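Residue numbers (our numbering): 23 to 263.
Think of the CB as a built atom: it goes at the ideal place given N, C-alpha and C, for glycine as much as any other residue.
Quantities reported herein were computed from a predicted structural model and do not represent experimental measurements.
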Amino acid sequence: MRALLLAVLLVLTGCSSQEEPPRTVTVFAAASLTETFTTLGKEFEAANPGVRVTFNFAGSSALAKQITEGAPADVFASAAPANMQQVTDAKDPVTFARNQLEIAVPKGNPGKVTGLAAFADENLDIALCAEQVPCGAAAKKALAAAGITAKPDTLEQDVKAALTKVRLGEVDAALVYRTDVKAAGAEVEGIDFPEASKAVNDYPITVLGKAPNAAQAKAFVDFVRSDRGKAVLAEAGFSAP
Numbered sequence: 023m024r025a026l027l028l029a030v031l032l033v034l035t036g037c038s039s040q041e042e043p044p045r046t047v048t049v050f051a052a053a054s055l056t057e058t059f060t061t062l063g064k065e066f067e068a069a070n071p072g073v074r075v076t077f078n079f080a081g082s083s084a085l086a087k088q089i090t091e092g093a094p095a096d097v098f099a100s101a102a103p104a105n106m107q108q109v110t111d112a113k114d115p116v117t118f119a120r121n122q123l124e125i126a127v128p129k130g131n132p133g134k135v136t137g138l139a140a141f142a143d144e145n146l147d148i149a150l151c152a153e154q155v156p157c158g159a160a161a162k163k164a165l166a167a168a169g170i171t172a173k174p175d176t177l178e179q180d181v182k183a184a185l186t187k188v189r190l191g192e193v194d195a196a197l198v199y200r201t202d203v204k205a206a207g208a209e210v211e212g213i214d215f216p217e218a219s220k221a222v223n224d225y226p227i228t229v230l231g232k233a234p235n236a237a238q239a240k241a242f243v244d245f246v247r248s249d250r251g252k253a254v255l256a257e258a259g260f261s262a263p
């Protein structure tokens, strides 16, 4: 009997001495936030021992669909208010950044692209985001403002996929966010165009109503909106709301 009690005591002591598993904040974020949120996630973890931040980066429309279908998430950061509005669990979203389009071309600009007119040139290979994702909706506005009917060779489901086509030299140009052009570094070149001002995207963020870790999720959102968060976003090319 004494041996049994000792064994139970050892088990209980061992359990109590084990460290608690880290609390996880699951963030669903637009693909264009990949670099900035990865940086902010690491800094948030360093400042909050015992908290882990995991990310699901994809097109905002795909993320909204996943959330409405029951995917567990604490935070949703979208590249446009329209996709945020699709999520009924999104409570009181706030705009934390803005972004606008830029033409991305391969290094050296082999297609000699100079502006949006290239997107109607049948002799060039062109990539756009699909209209249901924010970069595609913004592209539609910008092209309409320029009076151009685009003839894309490929429609991508998120901005990173469109940029990859440029990086690999599979297309002569793509309409992506200026932040993505900046993140790509020397692999691509960016071309500004005046109609970009007609299609500026607001980025909203929210703690979801059914967030499994609401307290930590709110702390992460607050960090994104803090002076440090604003500095990281500005360095990446985002503008303030």
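The C-beta distance from Ala241 to Asn70 rounds to 7 Å, short enough to meet the 8 Å contact threshold. Assigned with DSSP and collapsed to three states, Leu230 falls in strand. Taking a contact to require three or more Cβ pairs closer than 8 Å, the stretch 46-61 and the stretch 81-99 qualify as touching.
At a Cβ-Cβ threshold of 9 Å, Leu177 and Ala152 count as neighbours. Secondary structure of Ile213 (DSSP, three-state): strand.
Short of 7 Å from the beta carbon of Pro128, and not among the five residues preceding or following it, lie these beta carbons of its own chain, in chain order: Val188, Gly191 and Val210.
If you check the CB distance, Val246 and Phe118 come in under 9 Å. Taking 8 Å as the upper bound for CB-CB distance, Ala236 and Gln122 are not in contact here, some 32 Å apart. The DSSP-derived three-state label of Ala51 is strand.
Within the model, the alpha-carbon separation for Asp143 versus Lys173 is close to 7 Å. With the rule of 3 Cβ pairs closer than 8 Å, the stretch 192-212 does not count as touching the stretch 108-116. The C-beta distance from Ile170 to Leu150 rounds to 12 Å, too long to fall under 8 Å, and the pair is not in contact. In the structure shown, Arg247 adopts coil according to DSSP, grouped into three states. The C-beta distance from Asp194 to Pro132 rounds to 7 Å, short enough to fall under 8 Å. The C-alpha of Ala99 is placed about 11 Å away from the C-alpha of Val109.
Thr46 sits in a strand when the DSSP states are folded into three classes.
Arg120 and Gly92 have their C-alpha atoms roughly 28 Å apart. In this structure, Ala126 sits near Ala184, with a CB-CB distance shorter than 9 Å. For Glu65, the enclosing alpha helix (DSSP H) begins and ends at Thr56 to Ala69.
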